[in-house]
Amino acid sequence: METVRLSQRGAVAIATIDNPPVNALSAALRAALVETVQAIAADPKVEALVIAAAGRAFIAGADISEFGKPPVEPLLPEVLNLIEACPKPVVAAIQGVALGGGLEVALACHARLAAPAAKLGLPEIKLGIIPGAGGTQRLPRLIGAAKAFPMMLTGEPISAEKGAALGLVELVSGDLIEAAVAKAQELAAQGVPARTSEWTDKLTDADREAFEALAKDATAKSGDMPNAMALIEAVRGAFTLPFPEGLAAERALFVRLLADERSKALRYAFFAEREATHVPGIDAGVKPRPLAQAAVIGAGTMGGGIAMCFANAGIPVTLIETTQELIDKGHARVRDTYGFSVKRGSMSEAARDERMALITPAVGLAAAGNADIVVEAAFEEMGVKRQIFGELDKVMKPGAILATNTSYLDVATIAAATARPQDVVGLHFFSPANVMKLLEIVRPTGTAGDVVATALALGRKLGKVPVVVGNCFGFVGNRMLAQRTRAAERLLIAGALPHEVDAAVTGFGFKMGPFAMSDLAGGDIGWRTRKSLGTKAAVADALCEAGRFGQKTGKGYYLYPEGARTGQRDPEVEALIERISAEKGVTRRSFTSDEIVARLMDPMVNEGAGILEEGIAARPGDIDTVWLNGYNWPAWRGGPMHWADTVGLDVIVKRLEAQAAESGDATLQPAPLLRRLAAEGKGFADLKARAA
Ligand code: TC6
């Protein structure tokens with residue numbers, strides 16, 4: 088397939104990149120660009136070149152799937168040097184996203200025009216790398232390092248409007264190609280303008296001072312992420328090195344980072360997240376149902392957050408409660424939450440008012456009757472849910488989707504309360520629903536394919552990361568979390584203290600350890616669940632019996648004097664734990680951080696193996712996507728299943744066997760799939776997706 092199409096308008100050639108789905112800079116496209124530029128340079132009938140693109144992306148960057156494979160010539164920096172050195176002016180016409188190598192292509196051109204919908208960014212930092220084709224050298228030369236560095240450090244794309252304000256692009260509101268051709272003609276008449284690599288006027292002493300201040304701040308915040316440090320070094324090179332040397336230094340850092348396990352994990356996560364949206368058995372032929380109006384049952388924190396998700400995506404939503412008092416309270420809470428964003432400056436008052444106008448408060452389930460989808464976010468009790476679904480069945484129109492936000496209950500049992508189980512699905516949002524990215528789509532066997540397709544499309548529309556999972560207790564995320572919670576309790580009884588466990592977990596990369604998290608969420612939640620299931624956790628139960636529910640009661644695993652948000656060690660709790668160990672006849676011993684991490688994570692991985700065996704998740708990557716987006720698993724560790732592969736499944740099997748023998752807990756015995764893969768010397772990455 089031709090990745091670049093050439094056409095001509097007068098003396099201006101137009102090279103249209105067409106490399107679906109997102110015009111990534113594959114080896115074929117790089118070669119085609121070289122060929123195009125060389126042909127234009129040699130063609131006496133052509134005075135200038137416009138580089139444009141077909142489809143929704145200008146260029147989404149390097150082809151990430153090529154990373155980690157042997158490099159294929161021509162390499163991108165060479166392609167860009169060739170574009171920049173072209174004796175005839177080259178103009179970029181950016182109609183969509185120009186990311187990473189895509190923006191670097193534009194930076195090497197002699198002018199950049201962008202449509203209002205264009206987005207410009209250097210997101211490499213999110214893949215554990217830095218720009219590797221001149222971005223760290225050309226962008227500071229073009230707009231100054233103090234403005235360029237934050238773009239590369241956050242990796243967040245900016246709008247064309249902002250890009251124009253920064254001097255990165257010229258904004259075109261009319262016909263982009265026409266404007267680009269006119270620009271190319273204008274430049275051709277003037278001769279080739281100064282090449283970006285030759286610009287130095289933006290790299291002033293004041294700019295360097297401002298950049299160094301930002302770099303200092305970033306150093307303090309970036310922990311040991313090697314790419315943030317490398318980025319600083321590369322950008323500094325724009326001031327200290329001639330362009331070719333700065334380019335070479337950037338390239339060397341880029342190549343080193345590409346081989347780092349952390350970058351591999353981030354790239355793995357990128358593809359896993361996208362693969363999760365390709366659900367076995369749900370192909371492009373399965374059409375989603377139209378969703379013009381939504382309803383949410385329950386205006387608590389969760390229901391309110393879900394209603395905000397709909398409003399944020401421009402979908403009108405009715406927020407329903409049982410009494411006027413409750414709906415007034417819930418509706419006010421939503422307004423307050425938007426209000427925080429307005430106060431922080433991340434939302435305008437007009438945007439808040441627009442979103443609030445999309446949320447209609449109502450009392451009684453009948454108000455859901457006009458909705459194409461209803462999401463129930465009521466009390467987590469089967470009786471309550473079944474009663475609501477029975478009533479919804481009566482009021483909802485035919486073909487409407489009935490979703491439950493249950494976090495662990497059996498969705499099929501809820502569906503059975505209706506005469507239309509094929510229209511029932513689980514939509515498990517994570518708290519706070521308007522912030523957290525993950526959406527577990529729970530699919531009991533009876534759910535229709537187009538309902539799953541609709542849920543997937545809705546998830547993407549709401550800006551979520553949707554993952555389709557099977558119907559079992561706790562689905563994927565909470566089922567695995569339950570293993571970690573049990574393991575954490577076991578560790579306390581075996582000899583560790585809460586702060587040691589939490590420190591090991593934060594040292595691993597989580598923002599919070601399990602006990603600090605329990606204190607934040609409220610220990611009573613787990614206590615209620617354990618009581619309903621008839622299970623026990625000696626330490627956790629004893630704390631709850633003593634009224635220690637965590638931050639809200641001022642004490643839990645830790646002490647929180649006068650509303651403190653960071654807990655302090657409590658000798659009373661530590662004495663209680665030691666007493667429980669003694670009662671159980673356990674001789675306490677100390678654990679290293681590595682041992683703690685292994686004892687917490689290995690049982691989760693084991694549960695993950697069970698989840699795969701049962702077909703609750705189609706692929707290991709789906710499990711990892713759940714943990715990365717719903718549970719703050721450190722992104723650079725790629726998720727529990729990827730992490731297990733890096734440890735080695737044989738190591739995990741041996742550790743689980745040892746734990747099972749020590750504790751006498753048969754559930755810690757390695758799952759058959761884990762044993763089989765370990766015996767074959769394989770990892771989870773060797774598994775193929777299961778068919779539906
Ligand atoms: C870089 O450029 C370094 C340069 C230096 C070199 C020396 N490569 O996200 P979507 C696929 S680093 C390969 O669902 P959207 C994606 O896997 C790179 N494939 O669509 C999916 O395939 P599937 C810097 C890519 O509209 C399909 O395209 N660039 C790439 O929601 C659709 O993707 C980035 O980090 C790629 N670069 O969002 C940008 N990009 O259908 C990464 C996408 O088989 N990409 N695919 O599953 C994105 O941020 C988004 O994909 C998007 C489109 C905003 C471009």
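Residue numbers (the numbering used here): 88 to 779.
Backbone N, C-alpha and C fix where the C-beta goes; we use that ideal spot for every residue, glycine too.
Computed from a predicted structure; not experimentally measured.
Here's the rule I'm using: 16 or more other beta-carbon atoms within 10 Å means buried, otherwise exposed. How should S494 be labelled? By the neighbour-count rule (16 or more Cβ atoms within 10 Å), S494 is buried.
Which residues mark the beginning and the end of the alpha helix (DSSP H) in which V734 is found? 727–734
Cβ-based burial, G546 [other Cβ within 10 Å; buried from 16]: buried
With a threshold of 7 Å, establish whether the CB of H197 neighbours any heavy atom of ligand 1. no
Out of W730, D689, G726, H365, state which residue places its alpha-carbon closest to the alpha-carbon of A758. D689
Using the Cβ count rule (16 or more neighbours within 10 Å means buried), how would you classify F466? exposed
For S152, verify whether its CB is less than 7 Å away from any heavy atom of ligand 1. Using a cutoff of 7 Å, the CB of S152 counts as near ligand 1, since one of the ligand's heavy atoms is closer than that.
Beta-carbon proximity list for C196, same chain, < 7 Å, skipping 5 on both sides: The residues are I138, I170, V177, V178, A179.
Report the rounded CA-to-CA distance for P210 versus A198, giving the unit in angstroms. 22 Å
What is the DSSP secondary structure of Q756, reduced to helix, strand or coil? coil
Check whether the Cβ of E211 lies closer than 7 Å to any heavy atom of ligand 1, and answer yes or no. yes
In the structure shown, what three-state DSSP assignment does F37 receive? Nothing can be reported for residue 37: it is not among the residues displayed for the chain, which extend from 88 to 779.
Tell me which same chain residues have a C-beta within less than 6 Å of the C-beta of G231, skipping the five on either side of it? K289, D294
CB of L214 to nearest heavy atom of ligand 1: below 7 Å? yes
With respect to 7 Å, is the separation between the Cβ of E362 and the closest non-hydrogen atom of ligand 1 below this value? yes
Is T405 closer than 8 Å to L543 when the C-beta atoms are compared? no
A119 and G183 - do their beta-carbons sit closer together than 8 Å? Here G183 is not near A119, since their CB atoms are 8 Å or more apart.
Three-state secondary structure (DSSP) of V322: Of the three classes helix, strand and coil, the one that applies to V322 here is helix, per DSSP.
Buried or exposed by the 16-neighbour rule on C-beta atoms within 10 Å, applied to T653: Counting C-beta atoms within 10 angstroms of its own C-beta, T653 has fewer than 16 neighbours from the protein chains shown and is therefore classed as exposed.
Grab me the residues of T640's own chain with a C-beta within less than 7 Å of its C-beta, minus the 5 sequence neighbours each way, in chain order. G634
Would you report the Cα separation of A39 and H586, rounded to the nearest angstrom? The structure shown has nothing for residue 39, since the chain only spans 88 to 779.
Contact test: L186 Cβ vs ligand 1 heavy atom, cutoff 7 Å: yes
Suppose only complete runs of 3+ residues qualify. What are the beta strand (DSSP E) ranges in the segment 452–502, listed by chain order? 460–463, 488–491
Within the segment 163–235, ranges of the alpha helix (DSSP H) (whole runs, at least 4 residues): 163–172, 188–195, 222–230
How about G708: is its Cβ closer than 7 Å to a heavy atom in ligand 1? Flag unset: Cβ of G708 not near ligand 1.
Look up A704 in the DSSP assignment and say whether it is helix, strand or coil. coil
For a test of your reading of the model: does the CB of A220 fall under 7 Å from any non-hydrogen atom of ligand 1? Yes or no. yes
Considering just the uninterrupted stretch of the beta strand (DSSP E) at G513, what are its terminal residues? 511–516
Are the segment 398–416 and the segment 563–574 touching, with three or more C-beta to C-beta distances below 8 Å? no
Cα-Cα separation between L496 and G726, rounded to whole angstroms: 24 Å
Measuring only the C-alpha atoms, how far is K156 from M469? 51 Å
The alpha helix (DSSP H) with R617 in it runs from where to where? 610–620
Would the beta-carbon of F358 be found less than 7 Å away from any heavy atom of ligand 1? yes
In the DSSP output, what is E257 paired with across the bridge? L200
Do you know offhand how far E661's Cα is from E670's? 14 Å
CB N492 to CB M395, shorter than 8 Å? no
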